[in-house]
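Taking it in order: structure first as structure tokens, then the write-up.
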Amino acid sequence: MAATLGPSGWWQRWRRRVSARNGSRMLLLLLLLGSGQGPRQVGAGQTFEYLKREHSLSKPYQGVGTGSSSLWNLMGNAMVMTQYIRLTPDMQSKQGALWNRVPCFLRDWELQVHFKIHGQGKKNLHGDGLAIWYTKDRMQPGPVFGNMDKFVGLGVFVDTYPNEEKQQERVFPYISAMVNNGSLSYDHERDGRPTELGGCTAIVRNLHYDTFLVIRYVKRHLTIMMDIDGKHEWRDCIEVPGVRLPRGYYFGTSSITGDLSDNHDVISLKLFELTVERTPEEEKLHRDVFLPSVDNMKLPEVSAPLPPLSGLALFLIVFFSLVSSVFAIVIGIILYNKWQDQSRKRFY
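Residues -44 to -1, 1 to 304 in mature numbering (1 follows the signal peptide of the UniProt record, and there is no 0) are what the sequence shown lists, from first letter to last.
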């Protein structure tokens, strides 16, 4: 069921009916922000929403670059243009990415992505798509839409090319989502089917109006919606309860082209903090986690690598191993001599 409020009106319109109990809180919030961000109802319980600027990106793209002082870092073939950030041009064998330098410690959040995919390719002769990330590691190029394989966190993929030859029930471009604890590989040959949480068709190429994607994470509930019809209404795509994502991960977006290509442009990324009321029971249930997981979905366990041994520890291990070996040899010699003495006595 589509929402009645389109993405362009989210941060411009106000919800008037706020109780007197929350009025002072809203006034303080507005004074602090000074940006016109208003609250809205997101789910059960009263929710306040306001823009987190350190995790958001919009024109004129100040704070984007390769330096350590930038809030957003570019990687690969990504370029800053006046109206968008181009992750990859419509050329073969390109990849690019855009990563936030500030880890996100929000408990509940909503990320709105304004993007555009376009190019010269016709009838599935284009690719490969783009991805939006919330992951432990950043700036790690790789084969999964320009990011590393076996990532740790959440990936949302806008896949524009079907690699699986026998797929029939899907129409591409296709949006899917994946949660990984570092143990899973993205299956390119099957378009990520074995590990996806869900998905939907999204005809997003070469459109003459704005296209949006929203990723909402509230109370362990992951919801992905899209506005790609030019109607300023959200359409549901993916809804998964029981998704457990740690705090302190990074937001990013990436893209890759191969033999087929497209322009993959990001126009804005806007992150909203959602402050949701929780009961004491929910507080216990929604404690922080340290590894991504999904309820009722078994992810292979990842064994933590052993810490490297220090020089002293290595010396002690070698020393006591040698002492033990010498001691065992001495005991063996003593026992052998006693056995020989007993053998001689039996012959006399």
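Note that the Cβ used here is the ideal one computed from N, Cα and C, for glycine as well.
*DSSP on residue 379, reduced to helix/strand/coil?*
One cannot answer for residue 379 here, as it falls past the ends of the chain, which runs -44 to 304.
*Could you check the C-alpha separation between residue -44 and residue 158 for me, to the nearest Å?*
Confidence at residue -44 is low in this model, with a pLDDT of 40, below 50, so its placement is unreliable and the value that follows should be read with caution. For residue -44 and residue 158, the distance between alpha carbons rounds to 16 angstroms.
*First through last residue of the beta strand (DSSP E) which encompasses residue 79*: For residue 79, there is no enclosing beta strand (DSSP E), as DSSP gives it neither H nor E.
*Specify the secondary structure class of residue 220 as computed by DSSP and reduced to three states.*
Assigned with DSSP and collapsed to three states, residue 220 falls in strand.
*Under a Cβ-count criterion, where at least 16 other Cβ atoms within 10 Å of its own Cβ denotes burial, should residue 179 be classed as buried or exposed?*
Buried.
_Using C-beta distances below 6 angstroms, list every residue in its chain close to residue 50, excluding the 5 sequence neighbours before and after it, in chain order._
For residue 50, where only same-chain residues beyond five positions count, the Cβ hits under 6 angstroms are 33, 44 and 213.
*Return the Cβ separation of residue 71 and residue 221 in integer angstroms, given the expectation that the two are a contact with Cβ distance under 8 angstroms.*
For a cut-off of 8 angstroms, the C-beta gap from residue 71 to residue 221 is around 6 angstroms, short enough to register as a contact.
*Backbone CA spacing between residue 77 and residue 126 [nearest angstrom]*: Cα to Cα, residue 77 sits roughly 20 angstroms from residue 126.
*Would you tell me roughly how many angstroms separate the C-alpha atoms of residue 253 and residue 184, rounded to the nearest one?*
Approximately 30 angstroms, taken between the alpha carbons.
*DSSP-derived helix/strand/coil call for residue 115*: Secondary structure at residue 115: strand, using DSSP grouped into helix, strand and coil.
*asked:* Can you check which of these residues, 15, 134 and 238, is closest to residue 196 by C-alpha distance?
replied: Measuring C-alpha to C-alpha distances from residue 196 to each of 15, 134 and 238 identifies 134 as the nearest.
*Would you call the region 225 to 245 and the region 194 to 208 in contact, with 3 or more CB pairs under 8 angstroms?*
By the Cβ criterion, the region 225 to 245 is in contact with the region 194 to 208, since at least three pairs of Cβ atoms, one from each stretch, lie closer than 8 angstroms.
_Beta-carbon proximity list for residue 146, same chain, < 6 angstroms, skipping 5 on both sides_ = Closer than 6 angstroms at the Cβ level, and outside the excluded window around residue 146, lie 120.
*Sub-8 angstroms separation of residue 201 and residue 62 beta-carbons*: No, these two residues do not count as a Cβ contact at 8 angstroms.
_What does the Cβ neighbour count give for residue 116, buried or exposed, with the cut at 16 atoms within 10 Å?_
Buried: at least 16 other Cβ atoms inside 10 Å.
*Counting pairs of Cβ atoms below 8 angstroms between the region 51 to 60 and the region 8 to 28, do you hit three or more?*
Counting Cβ pairs under 8 angstroms, three or more are found: they touch.
*asked:* To the nearest angstrom, how far is the alpha carbon of residue 66 from that of residue 7?
replied: Cα to Cα, residue 66 sits roughly 9 angstroms from residue 7.
_Which of helix, strand or coil DSSP assigns to residue 132_ = Residue 132 falls in the strand class under three-state DSSP.
*Is it the case that the Cβ atoms of residue 19 and residue 211 are separated by a distance below 8 angstroms?*
In this structure, residue 211 does not lie closer than 8 angstroms to residue 19 by Cβ.
*In terms of alpha-carbon separation, which member of 136, 215, 142 and 281 lies closest to residue 47?*
Residue 47 has its Cα closest to that of 215, out of 136, 215, 142 and 281.
_With the cut-off set at 8 angstroms, would you say residue 162 and residue 42 are in Cβ contact?_
No Cβ-Cβ contact shorter than 8 angstroms links residue 162 with residue 42.
_Backbone CA spacing between residue 276 and residue 96 [nearest angstrom]_ = Roughly 42 angstroms between the two C-alpha positions.
*Would you call residue 86 buried or exposed, if buried means 16 or more other Cβ atoms sit within 10 Å of its Cβ?*
It is buried - the Cβ of residue 86 has at least 16 other Cβ atoms within 10 Å.
_Closest residue to residue 194 among 182, 129, 166 and 285 (Cα-Cα distance)_ = Comparing Cα positions, the closest option is 182.
_Three-way DSSP call (helix, strand, coil) for residue 274 in this model_ = Taken through DSSP and simplified to helix, strand or coil, residue 274 comes out as helix.
*asked:* With H, G and I counted as helix, E and B as strand and the rest as coil, what does DSSP make of residue 284?
replied: The answer is helix: DSSP assigns residue 284 an H, G or I state.
*How many angstroms separate the CA atom of residue 144 from the CA atom of residue 169?*
Across the structure, residue 144 and residue 169 are spaced so that their CA atoms are roughly 22 angstroms apart.
*Rounded C-alpha distance that separates residue 223 from residue 93*: Using only the alpha carbons, I get a separation of about 23 angstroms.
*List the DSSP bridge partners of residue 210.*
The partner list for residue 210 (beta bridge, DSSP) reads 53 and 87.
*Determine the direct distance from the alpha carbon of residue 82 to that of residue 248, and round the result to whole angstroms.*
Roughly 32 angstroms separates the two Cα atoms.
_residue 237 - containing alpha helix (DSSP H), residue span_ = Run containing residue 237: 236 to 241, per the alpha helix (DSSP H) assignment.
*Taking Cβ positions, are residue 73 and residue 174 nearer each other than 8 angstroms?*
No, these two residues do not count as a Cβ contact at 8 angstroms.
*asked:* According to DSSP, is residue 296 part of a helix, a strand, or is it coil?
replied: DSSP places residue 296 within a helical segment (H, G or I) once states are collapsed to three.
*Buried or exposed for residue 297, please, with buried defined as at least 16 other CB atoms from any protein chain shown within 10 angstroms of its CB.*
Counting the other CB atoms within 10 Å of its CB gives residue 297 a total below 16, which places it among the exposed residues.
*Report the three-state DSSP secondary structure of residue 108 (helix, strand or coil).*
Strand.
*asked:* If I measure Cβ to Cβ from residue 105 and keep anything under 8 angstroms in the same chain, skipping five residues before and after, which residues do I get?
replied: Within the same chain, residue 105 has close Cβ partners 98, 99, 141 and 142.
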